[in-house]
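*Asks:*
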Amino acid sequence: MEMLVVLVLMSIAVGLVGFGLQQGLSTASERRAVGDMVEALRATRVRAIVTGQPARTEFDLHKATFKAPGKREMHWPQSLRVTMQTSSDLGSSVEFYPDGGSSGGNVVVADGDRRWRIDIGWLTGSVQIRSL
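In structure tokens, the structure reads:
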């Protein structure tokens, strides 16, 4: 009887660890996607400064993808909701200029009650992220 109780408790513990691991992997995937977005935006800014030519990071909100110049297209998890505020002339992209400035705007990434906002400064082109 005692052995049966131990087996039941062990199976419950293994189930809880599996659930926690799955949640942790989901959160890691979300954070990686947000980090990749920030990295793409910063790389685009550097490219514009170095080449002396405007450069854009393009987001496709329907296909859940984004792409920086010279980089491969990246996908974000379907569980994430991504919204953008950018210049109406640029649609869902952010443009950086050779002087370091940008078109400005922000990208909000949400999954349930977890939210992040990526702010792109129009004057300096700085890309900052914060948890909301």
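Under our numbering, the first residue of the sequence shown carries the number 1, and numbering increases by one thereafter. Think of the CB as a built atom: it goes at the ideal place given N, C-alpha and C, for glycine as much as any other residue. On a predicted model such as this, the values are computed, not experimentally measured, just so you know.
Let me confirm a value: residue 41 is counted as buried when at least 16 other C-beta atoms fall within 10 Å, else exposed. Which label applies?
*Replies:* Answer is buried; the Cβ neighbour count reaches 16.
*Asks:* Tell me whether residue 27 sits in a helix, a strand or coil according to DSSP, three-state version.
*Replies:* In the structure shown, residue 27 sits in a helix (DSSP, three-state: H, G or I).
*Asks:* Grab the span of the beta strand (DSSP E) containing residue 110 for me, first residue to last.
*Replies:* Start and end: 105-111.
*Asks:* Please classify residue 36: does DSSP put it in a helix, a strand, or coil?
*Replies:* Looking at residue 36 - three-state DSSP - the assignment turns out to be helix.
*Asks:* Please check the pair residue 94 and residue 102, which I expect to be a contact at CB under 8 Å, by giving their CB distance rounded to whole angstroms.
*Replies:* Indeed, because the Cβ distance is near 6 Å, the residues count as touching under 8 Å.
*Asks:* May I ask which residues mark the beginning and end of the beta strand (DSSP E) holding residue 92?
*Replies:* Looking at the DSSP string, residue 92 is not in any beta strand (DSSP E), and its letter there is neither H nor E.
*Asks:* Excluding the 5 residues preceding and the 5 following residue 92 in the sequence, name in chain order all residues of the same chain whose CB lies nearer than 6 Å to its CB.
*Replies:* So the list reads 59, 61, 84, once near-sequence residues are dropped.
*Asks:* Once the 5 residues before and after residue 24 are set aside, which same chain residues still bring their CB inside 6 Å of it?
*Replies:* Only weak support exists for where residue 24 lies, its pLDDT of 43 falling under 50; the value from the coordinates is given anyway. Correct list: empty, nothing qualifies.
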